[in-house]
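Report on the structure given below.
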């Protein structure tokens with residue numbers, strides 16, 4: 130292998146390593162983004178649950194205990 134071929138081979142190997150690194154960074158960024166989206170979704174669910182509990186407490190405030198348990202099927 131002459132100098133030109135050797136240089137070309139080294140350059141190709143360097144380019145391949147760069148592409149591999151770029152791909153690894155892209156995959157890591159995608160995983161980070163997916164994790165962030167999952168965390169946001171979980172936070173939204175928690176907030177929605179808290180909101181539902183607050184609404185339920187507001188709606189049942191001042192009502193007799195029987196009403197707070199929900200409608201009876203025997204009526």
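In my numbering, the protein residues as written are 130 to 204. Cβ atoms here follow ideal geometry from the backbone N, Cα and C, with glycine treated the same way. Please read these numbers as outputs of a predicted model, since none were measured by experiment.
Where residue i falls: helix, strand or coil (DSSP)
i	result
residue 131	coil
residue 177	helix
residue 190	coil
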